[in-house]
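Each number in our numbering corresponds to the 1-based position in the sequence shown with 76 added. Quick reminder that beta carbons are idealized off the backbone N, C-alpha and C, glycines included. Working notes, beginning with the structure itself.
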Amino acid sequence: MRVLVTGSTGKLGSALLKQLKGKNYQVKITSRKKPEGIDGFTWIYSDLLSGDGIEDAVQDVEVVIHAATSPIKNSKNIEITGFENFLSKLRHINHFIYPSIVGIEEIPYKYYKLKFEAEQLLMNSSIPHTITRATQFHSFVESLLISRPILKRYVIPGSLKFQSVDVDEYASHIIELIEKGPQGKVDDFCGPEIMTLKEMAELKIKINNETNGVLNISVPGKLFRSLVEGKNTNSKRKIGKVTFEEYLRNRLA
Ligand SMILES: NC(=O)c1ccc[n+]([C@@H]2O[C@H](COP(=O)([O-])OP(=O)(O)OC[C@H]3O[C@@H](n4cnc5c(N)ncnc54)[C@H](OP(=O)(O)O)[C@@H]3O)[C@@H](O)[C@H]2O)c1
């Protein structure tokens with residue numbers, strides 16, 4: 077089968093490439109920067125903003141895994157306008173796999189609204205597809221834990237909840253979807269436990285033997301309230317096995 081993976085330099089894209097290596101697929105990959113160590117894959121420069129390289133990238137492919145994204149810079153032009161342009165070149169494909177995020181319709185954050193709109197565009201298109209939503213990756217939550225050296229504290233809205241998931245487990249779920257064919261919207265793929273950001277920071281401090289403490293702040297607004305309420309989690313879908321603690325210990329090793 078001929079597969080295209082967009083966003084090959086990203087967190088999900090890199091995890092997908094690691095697992096697609098040696099599998100019986102002909103794999104094309106795209107991004108703007110060329111990734112390292114991509115023997116066995118055909119890399120094509122492609123920019124969703126300008127449209128450069130897209131025609132080449134999609135030629136002859138049967139399955140597309142769309143892991144390219146831009147949460148902050150030019151987000152509307154990439155997640156919506158660029159996405160629509162991309163979809164318009166995909167009339168010939170058999171299966172478009174769209175990774176998305178749990179709870180996005182209930183979380184008032186611009187990027188999540190765009191992802192939700194993109195899901196609708198895909199569902200209303202004639203392209204055979206699968207939409208697979210995951211919770212935040214462990215690495216994403218870790219990136220929220222920024223220590224303030226002067227205070228020797230992680231200054232965080234500690235009551236936010238996360239159910240973070242291992243990106244490699246999510247990548248292997250996506251690769252299984254290639255063989256399953258188009259499924260429409262599938263069940264959420266979530267991490268094994270729901271924790272507060274404070275609990276996650278405390279785990280990091282313990283595992284890394286840090287002298288940091290946690291300074292818990294409360295942030296007003298609907299976005300933070302929705303995350304305190306855990307709208308980004310799904311307690312019925314604890315599918316991933318690798319916990320945040322294991323992720324941190326593996327990183328240390
Ligand atoms: N991160 C999470 O916690 C999380 C959780 C659940 C679902 N997801 C979903 O998983 C998908 C992948 O997320 P990720 O975290 O792996 O993203 P990421 O690490 O930010 O990677 C984004 C990728 O998109 C490419 N890209 C950015 N701008 C581009 C442009 N203008 N044209 C073409 N490619 C462009 C980047 O490569 P270049 O810069 O080299 O072009 C990079 O390879 C997204 O759909 C996201 O919503 C993410």
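DSSP three-state assignment for residue i, whether helix, strand or coil
i    : result
A247 : helix
A133 : helix
R313 : coil
N292 : strand
K94  : helix
L190 : helix
Q196 : helix
I114 : coil
R301 : helix
T82  : strand
S215 : helix
Y185 : coil
S223 : strand
S164 : helix
I148 : coil
I254 : helix
G260 : strand
I203 : coil
Selection from the options that minimises the alpha carbon distance to residue i
i    : options                   : result
Y246 : L92, F117, M271 and L166  : L92
P175 : L299, N161, K280 and L198 : L198
V318 : I270, H168 and N161       : I270
R209 : N308, G83 and E322        : N308
G98  : P258, V81, G116 and S215  : G116
S107 : L88, N100, Y101 and L96   : L88
K312 : L299, L273, F265 and I293 : F265
N285 : P296, L324 and V262       : L324
D136 : K149, Y101 and S126       : Y101
A194 : S122, G257, K186 and E155 : E155
L328 : S248, K282 and S90        : K282
G260 : V103, N292 and S201       : S201
L291 : A143, G234 and F213       : G234
L206 : V178, Y187, D263 and L220 : Residue identity check: residue 206 is Thr in the sequence provided, not Leu. It is D263 whose Cα lies nearest to the Cα of T206.
I114 : G127, S84, D128 and S122  : S84
E322 : E218, D128, T287 and S122 : E218
Proximity of residue i and residue j at Cβ, strictly below 8 angstroms
i    : j    : result
G158 : L190 : no
V134 : I254 : no
I105 : V139 : no
P184 : L299 : yes
I169 : I203 : yes
I130 : I173 : no
F162 : I180 : no
G289 : R229 : yes
T211 : L236 : no
L96  : I251 : yes
C-alpha gap between residue i and residue j, whole angstroms
i    : j    : result
Q239 : K280 : 16 angstroms
E275 : S164 : 45 angstroms
K109 : T145 : 14 angstroms
I120 : L227 : 46 angstroms
A277 : F320 : 10 angstroms
P111 : S215 : 19 angstroms
L350 : G86  : The question about residue 350 has no answer, for the chain in this structure spans 77 to 329.
S302 : V231 : 20 angstroms
E160 : P225 : 44 angstroms
F213 : D132 : 31 angstroms
V243 : S90  : 10 angstroms
T118 : N153 : 26 angstroms
N150 : K186 : 12 angstroms
Opposing strand residues paired with residue i [DSSP bridges]
i    : result
F238 : M271
A329 : According to DSSP, which records beta bridges pairwise, A329 is partnered with nothing at all.
F265 : A210
K104 : L80 and T118
I141 : V81 and I173
Residue-level contact to chain C via CB, residue i, 8 angstroms cutoff
i    : result
E160 : The displayed structure is made up of one protein chain only, and chain C is not part of it.
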